[in-house]
Amino acid sequence: MKEITVPEKVNTVLDTLQDAGFEASIVGGCVRDSLLGRTPDDWDITTSALPAQVKALFRRTVDTGIRHGTVTVLLGRDAFEVTTYRIDGAYEDGRHPTNVTFTASLSEDLKRRDFTVNAMAWDRKKGLTDLFDGVGDLERGVIRAVGDPVLRFGEDALRMMRAVRFAAQLGWTIDPGTAAAITQLAPSLAQTSGERVHAELSKLLMSAHPEEMRTLYATGITAVILPEFDACMRTPQHNPHHRYNVGEHIIHSLQAVRAETVLRWTMLFHDLGKAVCRTTDADGVDHFYGHAAHSAEMAADIMKRLRFDNATAQKVETLVRYHGLEMEATPYGVRKGIVTVGEDLFPLLLEVKEADGAAQSEYRAAEKKARTEVWAKIYAQILAEGNCLTLKDLAVTGRDLEEAGMKPGREMGELLREMLQEVLKNPVNNTKPWLLEHFKYKMRKNG
Ligand code: ATP
Ligand code: MG
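Going by our numbering, the sequence shown opens with residue 585, and the numbers climb by one from there.
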């Protein structure tokens, strides 16, 4: 286990509070991560001082969550959250404790925290305070609730998702008693807000172990927050291209794709429609005609439920819709693909297709992989050549057509799109003289 060293400014905050006669230590995730030899994202401080007393000791502070006892202390360009020891009341809306009581006891504050490895405090005078054998669980790699798991998950259902998320981030297991309580209380997650579910699921998907989706399924969590995924876990794929059921294919595709938000959510959603679209032919082979469009509709619904921002939802929906887009392995084929999904999303589509293929069967695997590589090569070439891909890159504009005697309107729009189609086939033809000459007859017809 690693020694704890904290940034100088953190010690400054602790010393200032202690010199004024209060208790103060670092607590929670930063203690856990330090002991694991990982660099913490932020340093949370817990203290016996009341918020007003904290504010009086530092020149620059922000009232981050005064009601919950949190004051942010600013030192130079760094910010530290300082929170008064507290006892949490019930989580009425499953979001914030409805009432918190400040306390002078560090052990009371540690008791309210979710897991043993998140309930340790440290300062350089007293060293480590570890009341629930957090160190033992950290050495064993175990997520264990502080106190009675049934009571703790009853207070805040989101903690069940946090348990699985930490297991995924750390590559750990969940203590059997804690896991049993999750299985028992998973249905109560139905009351938890979409935002909070979104944040936890996102962290799990982005972790080193997105296959922990299996634990969400096995404990009955996805049955509540993502029943569409459960349907996939029950949908077989009797088809030479596949070796897994739909849900397992999704999980393998998550593991095959880079840890990037849009990509991971796209893989989670890309085949959801298969559970609805499955047909079996006379030879016993399963087909999933139209599943991509169906998956896109389902993804849009789910993302609304989980309160996604519009920009992310738009990207994910588009990639899900076109994940199976057939493209010829020619420059024209790839240019058409780029126009279909958009220039910004096209490189992501290639990553989606690669991960999708990697999670299928050995059948024609080499062929599929080779095709993805050819697409990528052609795409690089198209970028290097700076081919015209949109109307705004076309050498002819609406104004040019007007000057040539055409009236603005529907036909003009159609002609511009026809010119774009020509240029997608033959980029060298993207010059004003060539296009005006070649499509002259169409302009005359209209003029
Ligand atoms: P990370 O920030 O890396 O996700 P963390 O452990 O710092 O992990 P936070 O959500 O930042 O997690 O919370 C800080 C600390 O507050 C936790 O370590 C835990 O002690 C406590 N905590 C957070 N959320 C809850 C909760 N829902 N129930 C009980 N305690 C919680
Ligand atoms: Mg944190």
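Glycine residues also receive a C-beta, built at the ideal position from the N, C-alpha and C atoms.
Buried or exposed: Tyr873, going by 16 or more other Cβ atoms within 10 Å of its Cβ? If you number the sequence shown from 1, residue 873 lands on position 289. The residue is exposed, with fewer than 16 neighbouring Cβ atoms inside 10 Å.
Answer yes or no: do Gln944 and His826 have a C-beta to C-beta separation smaller than 7 Å? Here residue 944 is taken as the residue at index 360 of the sequence shown, counted from 1. Here residue 826 is taken as the residue at index 242 of the sequence shown, counted from 1. Yes, the pair counts as a contact, with Cβ atoms nearer than the cut-off.
Alpha helix (DSSP H) segment containing Ala705, residue limits: For the purposes of this step, residue 705 is identified with residue 121 of the sequence shown, where counting begins at 1. No alpha helix (DSSP H) contains Ala705, which is instead part of the beta strand (DSSP E) from Met704 to Asp707.
When you compare only the Cα positions, how much space is there between Pro915 and Tyr963? Counting from one through the sequence shown, the residue named residue 915 turns up at place 331. Counting from one through the sequence shown, the residue named residue 963 turns up at place 379. Near 8 Å, if we compare the C-alpha coordinates of Tyr963 and Pro915.
Tell me Thr668's beta-bridge partners as DSSP assigns them. The residue given as residue 668 occupies position 84 in the sequence shown. Bridge partners of Thr668: Thr631.
Classify Asn683: buried if its beta carbon has 16 or more other beta carbons within 10 angstroms, exposed otherwise. Translated into the one-based positions of the sequence shown, residue 683 becomes position 99. Answer is exposed; the Cβ neighbour count stays below 16.
Select from Pro1011, Leu641, Cys816 and Arg661 the residue whose C-alpha is nearest the C-alpha of Lys920. In the sequence shown, residue 920 corresponds to position 336, counting from 1. Ranking Pro1011, Leu641, Cys816 and Arg661 by Cα distance to Lys920 puts Pro1011 first.
Spatial neighbours of Val594 within its chain, please: CB distance less than 8 Å, with the 5 preceding and 5 following residues excluded, ordered by chain position. To locate residue 594, count along the sequence shown from 1; it is residue 10. So the qualifying residues of the chain are Ile610, Trp627, Ile629 and Phe664.
Mind checking His1022: buried by the 16 CB within 10 Å criterion, or exposed? Counted from its first residue, the sequence shown places residue 1022 at position 438. Result: exposed.
According to DSSP, residues forming a beta bridge with Phe532: Lying before the first or after the last residue shown, residue 532 is absent from the chain, which here runs from 585 to 1031.
Spatial neighbours of Gly1031 within its chain, please: CB distance less than 6 Å, with the 5 preceding and 5 following residues excluded, ordered by chain position. Stepping through the sequence shown from its first residue, residue 1031 is reached at position 447. Because Gly1031 sits at a pLDDT of 49, beneath the cut-off of 50, its placement in the model cannot be relied upon, and the point is left open.
Would you call the region 830-840 and the region 775-785 touching, i.e. three or more CB-CB distances under 8 Å? no
Which residue's Cα is closest to the Cα of Ala979: Glu995, Ala968, Lys937 and Lys1016? As a first step, residue 979 is located in the sequence shown; it is residue number 395 there, counting from the start. It is Lys1016.
So does Gly917 have its beta carbon nearer than 6 Å to some heavy atom of the ligand MG? By 1-based counting over the sequence shown, the position of residue 917 is 333. No.
Delimiting residues of the alpha helix (DSSP H) encompassing Ile834: To locate residue 834, count along the sequence shown from 1; it is residue 250. Where Ile834 is concerned, the enclosing alpha helix (DSSP H) stretches over Val830 to Ala840.
In terms of alpha-carbon separation, which member of Gly731, Arg661 and Ala942 lies closest to Tyr828? Looking up residue 828 in the sequence shown gives position 244. Residue Ala942 is the option with its Cα nearest to Tyr828.
Residues of its chain near Val615, where Cβ-Cβ distance is below 6 Å and the 5 sequence neighbours each way are ignored: The residue you call residue 615 lines up with position 31 of the sequence shown. Counting only Cβ-Cβ distances below 6 Å, and skipping sequence neighbours, we find Met704 and Trp706.
Just the C-alpha distance for Thr762 and Leu975, rounded to the nearest angstrom, thanks. Here residue 762 corresponds to residue number 178 of the sequence shown, with the count starting at 1. Here residue 975 corresponds to residue number 391 of the sequence shown, with the count starting at 1. Taking the straight line joining both Cα atoms gives about 58 Å.
Less than 7 Å separating the beta-carbons of Val1056 and Cys972? Look at the range of the chain in this structure, 585 to 1031, and you will see that residue 1056 is not part of it.
Simplified DSSP assignment, three categories, for His871: Position 287 of the sequence shown, counted from the first residue, corresponds to residue 871. The answer is strand: DSSP assigns His871 an E or B state.
Any non-hydrogen atom of the ligand ATP closer than 6 Å to Asp870 Cβ: In the sequence shown, the residue the question calls residue 870 occupies position 286. Result no, Cβ not under 6 Å from the ligand ATP.
Assuming the contact rule is C-beta atoms closer than 8 Å, Ile671 and Arg696 should be a hit. Round their C-beta distance to whole Å, please. Locating residue 671 in the sequence shown gives position 87, where the first residue counts as 1. Locating residue 696 in the sequence shown gives position 112, where the first residue counts as 1. At roughly 6 Å, the Cβ-Cβ gap stays under 8 Å, so Ile671 and Arg696 are in contact.
According to DSSP, is Asp853 helix, strand or coil? Here residue 853 refers to the residue found at position 269 when the sequence shown is read from its first residue. A quick correction: the sequence has Phe, not Asp, at residue 853. Phe853 falls in the helix class under three-state DSSP.
If you measure between the beta carbons of Tyr947 and Pro824, is that distance less than 7 Å? Position 363 of the sequence shown, counted from the start, is the residue given in the question as residue 947. Position 240 of the sequence shown, counted from the start, is the residue given in the question as residue 824. In this structure, Pro824 lies closer than 7 Å to Tyr947 by Cβ.
CB of Asn702 to nearest heavy atom of the ligand ATP: below 6 Å? Working through the sequence shown from its first residue, we reach residue 702 at position 118. Yes, the Cβ of Asn702 comes within 6 Å of a heavy atom of the ligand ATP.
Can you find at least 3 beta carbon pairs, one from the region 848-856 and one from the region 781-792, that sit closer than 8 Å? yes
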